[in-house]
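In UniProt numbering, the protein residues as written are 1 to 210.
The next block holds one structure in the form of structure tokens; read it before the comments.
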């Protein structure tokens, strides 16, 4: 694998994910990663880097999610792994769990911001997996569409939405049942929507954008 050393001495990995971020509103911390081997944490108020967390992988980071209550950072990677870090620990001990059940690029990894919240991840193959942070294996698996390009999980309603390169959005409940399929724009002459590159739910209302 060809590598180059960016400023700071952290070797790059094979490109593909670009910049990946997650924002922790409660603490004012910004988690950043991508085509590098670290998750870098910035204090926005102080405008400075506060921590580098080694991913321990040669693959790019494709998704980040954080939970301030448990000081957890969850990273999905291009090699299909999902890695859990406790940022209160030192750089050599902070990776507390690695899940390797996905066989392909992780589109989304999300940690529920609840005291006993699960980790939810999905790969391009459409397999949605639910993990307990301290258990080695998934506790539930749902199969959605293949060719998945985007996913978002509603923070309050028990819903998640999947976007596909095949030009549709499917909304599922927590049991894996499809409750809505969106293929066309609203209106009498609504055109077919394009391939989905990004999805986001409203944090409180049951509405979303693509």
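Ideal Cβ placement from N, Cα and C applies to all residues, glycine included.
{"Asked": "Own chain residues within Cβ distance below 7 Å of residue 158, not counting five before or after", "Found": "173 and 174"}
{"Asked": "Sequence-distant residues of its chain with Cβ nearer than 7 Å to residue 133 (five each side left out)", "Found": "72, 84, 97 and 119"}
{"Asked": "Spatial neighbours of residue 76 in its chain, beta-carbon cut-off 6 Å, leaving aside the 5 residues before and after", "Found": "62, 63, 82, 106, 109 and 121"}
{"Asked": "Beta carbon of residue 104 nearer than 8 Å to that of residue 125", "Found": "yes"}
{"Asked": "From 178, 152, 116 and 135, residue whose alpha carbon lies closest to that of residue 123", "Found": "152"}
{"Asked": "Outcome for residue 19 when other beta-carbon atoms lying within 10 angstroms are tallied against a minimum of 16", "Found": "exposed"}
{"Asked": "Whole-Å CB distance - residue 129 paired with residue 154, under 8 Å assumed", "Found": "With 8 Å as the limit, residue 129 and residue 154 do not qualify as a contact, their Cβ atoms being about 18 Å apart."}
{"Asked": "Of the residues 177, 198 and 142, the one placed nearest residue 168, counting alpha carbons only", "Found": "198"}
{"Asked": "Whole-number beta carbon distance between residue 78 and residue 66, since they are thought to touch under 8 Å", "Found": "The pair is not a contact, with the Cβ atoms about 20 Å apart (cut-off 8 Å)."}
{"Asked": "Nearest-angstrom beta carbon gap, residue 38 and residue 52 [assumed within contact, 8 Å]", "Found": "5 Å"}
{"Asked": "6 Å Cβ shell around residue 24 - same chain, five flanking residues per side excluded", "Found": "66 and 68"}
{"Asked": "Proximity of residue 249 and residue 36 at Cβ, strictly below 8 Å", "Found": "Past the edges of the chain, shown from 1 to 210, lies residue 249, and the structure says nothing about it."}
{"Asked": "Cut-off 7 Å between Cβ atoms - residues of its own chain near residue 136, not counting five sequence neighbours on either side", "Found": "none"}
{"Asked": "CB of residue 87 within 8 Å of CB of residue 41, strictly", "Found": "yes"}
{"Asked": "Top-ranked residue by Cα proximity to residue 111, from 92, 156, 143 and 48", "Found": "156"}
{"Asked": "Beta strand (DSSP E) runs contained entirely in the stretch 1 to 85, provided each spans 3 or more residues", "Found": "20 to 24, 29 to 33, 38 to 43, 48 to 54, 61 to 67 and 72 to 77"}
{"Asked": "Beta-carbon contacts of residue 48 that lie in its chain and below 8 Å, excluding the five residues immediately before and after", "Found": "42"}
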